[in-house]
Amino acid sequence: MKKIVLIVFLSCLITKLTSQELKLQTNFNHNNLITFQDDIGYGIGYNEFHKSKNKYGITFSLLFNKRNYSYSYSSNSDGNSYYRTVKPNNIFLSFVINYSFNIINSKNNKLFVGPLVSLNYLNTNESIIESKENDNQYKFEFHSNYWAINKLGIGSIIEYERIIIPDKFSLSLSSSGGLIHFYSIRKVELSFPSVPFCYWLNLNLNFIYYLTVNKSKYIENN
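So in the working numbering, spot 106 of the sequence shown is number 578, and the numbers just go up one at a time.
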């Protein structure tokens, strides 16, 4: 965790020194992992312009899931059916690099599309109550804490940007989606899917500030 905090700090420092845009965002994430469905969170990133109107960017996002959920399963060892109620305190960390092409470059509106790659860290930190179907006397409580680290993702992004204050501030709405490869998944982690991939879909509201260091370059490009 200390390394992650250090990376974020250095990214912010580099942003202030070299980048053309500082981006703050609110995040909503949907995926097919029961432990991380409908996460909410925030992110920070920066963008550099390339070839006049295209740009590449780096974003760090932190998502949380504290929404209770439940599921049932059948045990292979005793053949009984069990029901679990879960109180999660889960975290989804993601580092994203993207390159996007501006296909509409008007005075106040921009539309970017392009590919992305991500490196993801997922922490399931959950309190679980297990009961046996047709047995009111059985109840078992336990805690699970597991990290899935260095999970590679690929996808694409589309972003509509509206200039609010020229050369200073804009708002954008972006959506991204793709796949995360889990390589191998522990069989005891029942909340992870049995397939080696999960899909995800992000919806972000971005607050974009043009930095004064490279603002003259940005004006020339537009």
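Where is the CB? At the ideal position from N, CA and C, for every residue including glycine.
For clarity, every value in this text was computed on a predicted model and none was experimentally measured.
- In summary, Pro560 is buried, with 16 or more beta-carbon neighbours lying within 10 Å of its beta-carbon over all protein chains present.
- When the five nearest sequence neighbours on each side are left out, the beta carbons in the same chain lying within less than 6 angstroms of the beta carbon of Ile621 are those of Tyr593, in order along the chain.
- The C-beta distance from Leu588 to Gly515 rounds to 13 angstroms, too long to fall under 8 angstroms, and the pair is not in contact.
- By a beta-carbon distance limit of 8 angstroms, Leu496 does not contact Asp511. Their separation comes to about 18 angstroms.
- The residue among Gly627, Tyr681 and Trp672 with its C-alpha nearest the C-alpha of Pro638 is Tyr681.
- With a 10 Å radius around the Cβ and a threshold of 16 neighbouring Cβ atoms, Trp619 comes out exposed.
- Closest in alpha carbon position to Phe573, among Ser590, Leu591, Arg539 and His522, is His522.
- In the structure shown, Arg539 adopts coil according to DSSP, grouped into three states.
- In this structure, Tyr632 and Leu624 do not form a Cβ contact; the two beta carbons are roughly 27 angstroms apart against a cut-off of 8 angstroms.
- Here Phe679 carries a strand assignment [DSSP, helix/strand/coil].
- Taken in chain order, the complete beta strand (DSSP E) segments of 3 residues or longer contained in the region 546 to 624 are 553 to 560, 562 to 577 and 581 to 604.
- Around the C-beta of Val585, fewer than 16 other C-beta atoms lie within 10 Å, and the residue is accordingly described as exposed.
- Gly517 and Asn499 do not touch by the CB rule: their CB atoms are close to 11 angstroms apart, not below 8 angstroms.
- Between the alpha carbons of Gln492 and Leu673 lies a gap of roughly 27 angstroms.
- With respect to the 8 angstroms criterion, Arg634 and Glu602 are not classified as neighbours on the basis of their beta carbons.
- Separation of the CB atoms of Asn552 and Lys604 is rounded to 6 angstroms, and the pair is thereby assigned contact status at 8 angstroms.
- The alpha-carbon of Asn577 is positioned some 22 angstroms away from that of Leu675.
- Residue environment: Glu613 is assigned as exposed (fewer than 16 neighbouring CB atoms within 10 Å of its CB, all protein chains considered).
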